Every structure is written in C-alpha cells, then in structure tokens.
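**Student:**
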Amino acid sequence: MVRVTGNFQSESPIHLKAFEVLQAAFENGWADPAKLSQSGARARQLKNNALESIGSALSIEVDSIVPVSPASLGYFVGIQGLNRGSSSLIHGATDRKDVFAIASKTAHQLLKSDLTGKLHSEKTQSKGSVLALQIANAETGVIQDCQAIINDVKPDHIFLDATTSGIRVPLIDQFSTALFDSKSWYGPSGLAFLVLKKPSEWSNPLPHLNAAHPNFDVSLPLLLAAAVALENFSAEVASANTQAREFNEQLRNAFSQLADIDIAGQLDSSLPHLLSVSFLNCNGEELLREIQNDGYSVDSGSACTADNLEPSHVLAAMGVLTHGNIRITIHPGTTQEEIDGLISSVSKNVQRQRR
Amino acid sequence: MIEIDARGLRCPQPIIELGKKISTMNKGDEVTLLSDDPATEPDLSAWSRMTGNKFEKKSESVFLVTKLSER
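Protein sequence lines, in the order shown, are assigned to chains A and B. For the first sequence, the UniProt record's numbering begins at 1 and goes up steadily by one. For the second sequence, the UniProt record's numbering begins at 1 and goes up steadily by one.
#1: From which residue to which residue does the alpha helix (DSSP H) around A:E27 run?
#2: Within 9 Å (strictly less), CB to CB, does B:D37 reach chain A?
#3: What residues in its chain sit with their C-beta under 8 Å from that of B:E41, if we drop five residues either side in the sequence?
#4: Taking a cut of 8 Å between CB atoms, which residues from the stretch 310-343 of chain A lie near chain B?
#5: Chain A beta carbons: is any one of them nearer than 9 Å to that of B:S23?
#6: Which residue comes first and which comes last in the beta strand (DSSP E) that contains A:F193?
#7: Would you grab the beta carbon distance between A:I102 and A:I79 for me? Rounded to a whole angstrom, and I think it's under 8 Å.
#8: What runs of the alpha helix (DSSP H), each 4 residues or longer, lie entirely inside the UniProt domain "Aminotransferase class V" (227-342) of chain A?
#9: Is the shortest distance between the beta-carbon of B:G52 and the beta-carbons of chain A less than 9 Å?
#10: Using a cut-off of 8 Å between C-beta atoms, extract the partners of A:C282 located in chain B.
#11: Quick check on the burial criterion: 16 or more other C-beta atoms within 10 angstroms. Buried or exposed for A:N325?
#12: Can you give me the C-alpha to C-alpha distance between A:F193 and B:T24, rounded to a whole angstrom?
#13: When the Cα atoms are used, what is the spatial distance from A:E52 to A:V62?
#14: What are the residues that DSSP puts in a beta bridge with A:I90?
#15: Please classify A:T335 as buried or exposed, where buried requires at least 16 other C-beta atoms within 10 Å of its C-beta.
#16: In the DSSP assignment, find the beta strand (DSSP E) that holds B:E56 and state where it starts and stops.
#17: Can you pull the chain B neighbours of A:A303, defined as C-beta to C-beta under 8 Å?
#18: What's the C-alpha gap between A:S302 and A:N48?
#19: Can you find a CB in chain B that lies within less than 9 Å of the CB of A:L115?
#20: How far does the beta strand (DSSP E) with A:Q161 in it reach, from first residue to last?
#21: Pick from A:S56, A:S37 and A:P70: whose alpha carbon is nearest that of A:V218?
#22: Give every residue of the same chain whose Cβ lies closer than 7 Å to the Cβ of A:W202, excluding the five residues on either side of it in the sequence, and list them in chain order.
#23: Along chain A, which residues have their Cβ under 7 Å away from the Cβ of B:I2?
#24: So which residues of chain A does B:S45 contact, with C-beta pairs closer than 7 Å?
#25: Would you say B:R49 lies against chain A (beta-carbon separation less than 9 Å)?
#26: Can you grab the Cα-Cα spacing for the pair A:K35 / A:P67, in whole Å?
#27: Using DSSP bridges, identify the partner residues of A:H120.
#28: Measuring alpha carbon to alpha carbon, tell me which of A:V130, A:A235, A:T116 and A:A259 ends up nearest A:F76.
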C-alpha cells in the first residue's frame with residue numbers, strides 16, 4: 001500500500017473545526033428538536049443557531065433554507081417540487097446524472113454544450129417549463145452564464161444547482177429553488193440545503209401530511225458541523241481561490257508542454273480548484289494507478305475507470321477527449337510541493353505510456 | 001479499402017490502433033474503423049479536432065476516417 005502524500009480527489013476530509021464540532025454535537029445534539037424536554041429544547045436551539053449561521057453565510061433568509069439528506073434527494077424535491085405535471089424540464093447536457101434521472105421520467109429538452117463547456121439553448125417553446133441550471137460543473141469547474149441562458153430560455157421556474165459552486169460563485173437573483181451541498185465548503189458529505197426562494201411556486205413532491213413546513217429529518221450533528229465548516233470556509237474562500245488559481249495555471253502550463261492534450265474549459269470561466277485534462281493515446285485507468293503509485297490520488301472521467309464502462313457524459317457532451325483523462329481537485333491545504341510532485345508524476349507517466 | 005477491426009477493444013486502444021495505421025497512410029486515404037466501444041464516437045470527434053483529420057459515422061460501430069493532415 002502506497003502512502004498518499006497528495007490528495008487531488010474531489011473528496012477531502014471535513015474542516016478540522018467542523019470535525020471537533022461533530023464529536024461535541026453527538027454528545028449534546030442527540031435529542032429530537034421537536035420535543036418539549038430540556039434536551040429537546042437544547043437541540044432545537046443548536047439547530048436554529050446552525051441554520052441562522054448558514055443563512056447569514058449564504059446571504060439567504062433562514063426561513064427559506066431546508067436541510068435535506070442526501071443531496072440526490074435534494075435534486076428531486078428541488079426540481080420536481082416546481083413541476084406541475086404538464087411542465088417540461090429543460091436542462092444541460094453536462095448536468096449531474098441526478099438531473100438526467102429526473103428528466104427521464106418527464107417531458108424534457110436538453111441544452112447542448114460547446115467545446116468550452118458553455119450551454120446553448122435553441123429557441124424553443126418553453127411555456128410551462130422548469131429550467132434546471134448547474135452554476136458550475138462538478139468535473140470541469142466550467143461556470144455557466146446563468147443570466148444569459150435564462151434570458152434565452154425564458155422558463156417559468158428555475159432550479160439552480162449550486163452543489164459544486166457553493167459560496168465560490170454568487171447566486172443570481174432570479175430563481176425559484178436552489179441546492180447547496182455541504183461538501184462544497186468542506187462540511188460533511190451526505191447533507192444538502194434546499195433553498196425555497198419562491199415557496200408559492202414549490203410544493204413538496206414527496207408524500208407528506210404538513211404542507212406548510214417541509215422537514216426532511218436530517219442528522220443534527222451533521223447540520224452543526226456543516227454550519228461550522230461554512231463559517232470557517234467563508235473566511236478562507238478568497239485566499240483559497242487565489243491560491244488554487246495560481247496552482248491551476250501551473251498545472252495547465254506544465255501539461256501543455258506535453259503534446260496532444262485536451263483541457264476541458266478555460267481557467268478564466270471555471271472554478272479555480274478544478275481541472276480535467278485528457279492525454280491522447282493514454283489509458284486513464286493505468287495513469288490513475290501509476291500516479292497513485294507515486295503518492296498522488298486523482299479522479300478520472302475515462303470509461304475504463306467507471307463502473308458502467310461509459311465515458312464521462314460531461315466530456316462527451318463537450319467534445320473533449322474522454323480517454324486518458326484525469327481530474328484534479330485543488331484543496332485549501334494543497335502545497336506547492338504537492339503540485340510540483342503531481343506535475344512530474346503525470347509528465348513521467350504520460351511520456352512512458354506513449355513510448 | 002483499409003479496415004481496422006477494433007471490435008471488443010476498450011478505450012484508448014481503438015484510437016491508438018487508428019493512429020498507428022493512419023501514420024502509414026497518405027493524405028486523402030480512407031480507413032474504416034470498426035469499434036463497439038462507447039468511448040470511440042466521442043473520442044473520434046476529439047481526435048479529429050486535435051489531429052486535423054475527419055471521420056464520418058456510417059452505421060453503429062462503423063466509422064469512415066479520412067486522413068487530411070500530416071499526422
């Protein structure tokens with residue numbers, strides 16, 4: 001077993017402060033906030049404080065935030081809650097598979113992607129439509145021009161997928177529902193936040209008795225940890241972005257020295273901490289393993305690394321090379337030494353494979 | 001007509017075999033690539049853009065590739 005010295009996978013350990021809170025929360029926040037007991041009252045207080053803190057960090061009214069677990073359920077309630085049965089769902093070709101799954105059960109239209117990852121709408125009949133719009137892509141980091149797409153599509157309702165962009169890209173004003181993922185600010189995974197900006201446009205698509213207050217019963221300790229992680233990441237995000245942009249530029253420049261590479265999206269219109277690059281005539285699975293042997297872990301969108309042996313639908317939709325792909329996530333703790341090490345490992349292994 | 005039967009081969013093998021063959025061909029020559037790998041179609045479109053050659057999908061798993069550049 002090789003000791004990993006540099007983690008460039010999309011997953012990372014949760015923020016240290018959030019981890020400390022988790023432990024304390026399991027001691028103090030175990031009771032049901034809905035009950036009248038003393039411990040219930042304390043749990044309620046903790047929950048309210050956490051939601052207040054999250055609302056203030058996201059600049060969203062606390063009453064419109066509904067914690068939901070897991071994130072995939074958030075897609076369903078966020079999108080289907082806007083669908084009045086006869087609606088058509090319009091969404092991007094580079095969206096999460098969760099959105100494709102929902103679209104497969106309803107009338108839908110696809111917004112195509114160009115080579116840079118930007119979505120384009122053909123002028124279509126969009127009356128009675130729900131637009132599901134991903135602010136930034138989870139694989140490539142490409143940020144959409146949301147306002148331009150909305151102006152073209154003119155949907156009745158808008159669902160914004162902020163699960164990857166998190167607090168790195170501000171929300172536009174015009175939306176009905178939005179979804180955040182605690183993972184995007186180094187909180188615990190398995191917890192998302194649905195924002196009901198226009199409650200009158202939304203109704204709970206799950207079986208329920210109380211229509212007024214949707215409640216998806218999430219773990220209170222996870223909620224508290226998510227709030228603390230967000231509070232801490234909010235203070236770090238500007239410097240994290242600056243550092244990540246510098247590292248991303250170094251990676252792009254270094255990989256460009258190797259011939260026949262295909263980088264998905266341009267840095268200026270992408271999240272700075274994500275990079276997806278494909279090397280012609282290389283095998284993604286082997287590349288991932290060889291880089292791992294050098295002590296660096298990365299992700300891959302190549303077919304050979306996927307369970308279903310299908311290539312990344314995001315790369316395919318963009319027209320970017322799907323084989324020989326690696327995906328790099330730069331975390332706030334990533335060091336120059338790790339970047340240098342990753343560059344030399346990737347360069348060495350790409351050249352060896354091409355020999 | 002030159003033909004590469006890459007059926008049953010997984011990515012990136014079909015594209016590597018195509019690259020090897022096309023390097024021995026002259027500009028304007030055509031080659032038929034048979035491949036049932038789901039990555040071949042999207043990768044042919046990226047490969048064409050990167051190398052300056054072109055391809056046309058004739059039917060399921062059958063692609064006609066034309067050499068247009070030096071590589």
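In this text, a Cβ means the ideal position worked out from N, Cα and C, and glycines have one as well. Keep in mind that this is a model prediction, so the values were computed, not measured.
**Tutor:** Taking the coordinates as given:
#1: Position 27 of the first sequence, counted from the first residue, corresponds to residue 27 of chain A. A:E27 -> alpha helix (DSSP H) spans L16 to N28.
#2: The residue given as residue 37 of chain B occupies position 37 in the second sequence. Taking Cβ atoms only, chain A reaches closer than 9 Å to B:D37, which makes this a yes.
#3: On the second sequence, position 41 is the one that residue 41 of chain B refers to. Excluding residues within five positions, the ones whose Cβ falls inside 8 Å are K57 and F63.
#4: Closer than 8 Å at the C-beta level to chain B, one finds these residues of the stretch 310-343 of chain A: E310, P311, L315, A316, G319, V320, L321, T322, H323 and G324.
#5: In the second sequence, the residue the question calls residue 23 of chain B occupies position 23. False, the Cβ-Cβ gap to chain A never drops below 9 Å.
#6: The sequence position of residue 193 of chain A within the first sequence is 193, counting from 1. From DSSP, the beta strand (DSSP E) with A:F193 extends over A192 to L196.
#7: Mapped onto the first sequence, residue 102 of chain A falls at position 102. Mapped onto the first sequence, residue 79 of chain A falls at position 79. A Cβ-Cβ separation of about 5 Å places A:I102 in contact with A:I79 under the 8 Å criterion.
#8: 284-293 and 313-318
#9: Numbered from 1 along the second sequence, position 52 holds the residue referred to as residue 52 of chain B. So no, B:G52 is outside the interface.
#10: On the first sequence, residue 282 of chain A is found 282 positions in, with the first residue counted as 1. The answer, in chain order, is P12.
#11: Indexing the first sequence from 1 puts residue 325 of chain A at position 325. Looking at its Cβ environment, which holds 16 or more other Cβ atoms inside 10 Å, A:N325 is buried.
#12: As a first step, residue 193 of chain A must be located in the first sequence, where it is residue number 193. As a first step, residue 24 of chain B must be located in the second sequence, where it is residue number 24. Going by the C-alpha atoms only, they are around 57 Å apart.
#13: By one-based count along the first sequence, residue 52 of chain A stands at place 52. By one-based count along the first sequence, residue 62 of chain A stands at place 62. For A:E52 and A:V62, the distance between alpha carbons rounds to 6 Å.
#14: The count along the first sequence starts at 1 and reaches residue 90 of chain A at position 90. Partner(s): A:Q109 and A:L131.
#15: Working through the first sequence from its first residue, we reach residue 335 of chain A at position 335. So A:T335 ends up on the exposed side.
#16: In the second sequence, counting from the first residue as 1, residue 56 of chain B sits at position 56. Its beta strand (DSSP E) spans residues K54 to S59.
#17: As a first step, residue 303 of chain A is located in the first sequence; it is residue number 303 there, counting from the start. Residues of chain B passing the Cβ test: R10, C11, D37, P38 and A39.
#18: Walking along the first sequence from the start, residue 302 of chain A turns up at place 302. Walking along the first sequence from the start, residue 48 of chain A turns up at place 48. Their backbone Cα atoms lie some 43 Å apart in a straight line.
#19: Against the first sequence, residue 115 of chain A aligns to sequence position 115. Judged by the 9 Å Cβ criterion, A:L115 is in contact with chain B.
#20: As a first step, residue 161 of chain A must be located in the first sequence, where it is residue number 161. Sequence check: residue 161 of chain A is Asp here, not Gln. Note, A:D161: beta strand (DSSP E), H157 to D161.
#21: Locating residue 218 of chain A in the first sequence gives position 218, where the first residue counts as 1. The option with the nearest alpha carbon to A:V218 is A:P70.
#22: On the first sequence, residue 202 of chain A is found 202 positions in, with the first residue counted as 1. These residues qualify, in order along the chain: G81, L82, S176, T177 and L196.
#23: Within the second sequence, numbered from 1, the residue matching residue 2 of chain B stands at position 2. None at all; the shortest Cβ gap to chain A is about 20 Å.
#24: The count along the second sequence starts at 1 and reaches residue 45 of chain B at position 45. Those are G319, listed as they occur along chain A.
#25: Start at 1 with the first residue of the second sequence, and residue 49 of chain B comes out as number 49. Yes, contact with chain A.
#26: Sequence index remark: in the first sequence, residue 35 of chain A carries index 35 (1-based). Sequence index remark: in the first sequence, residue 67 of chain A carries index 67 (1-based). Approximately 19 Å between the Cα atoms of the pair.
#27: Numbered from 1 along the first sequence, position 120 holds the residue referred to as residue 120 of chain A. Note: A:H120 sits in a beta bridge opposite A:K112.
#28: As a position in the first sequence, residue 76 of chain A is number 76, starting the count at 1. The option with the nearest alpha carbon to A:F76 is A:V130.
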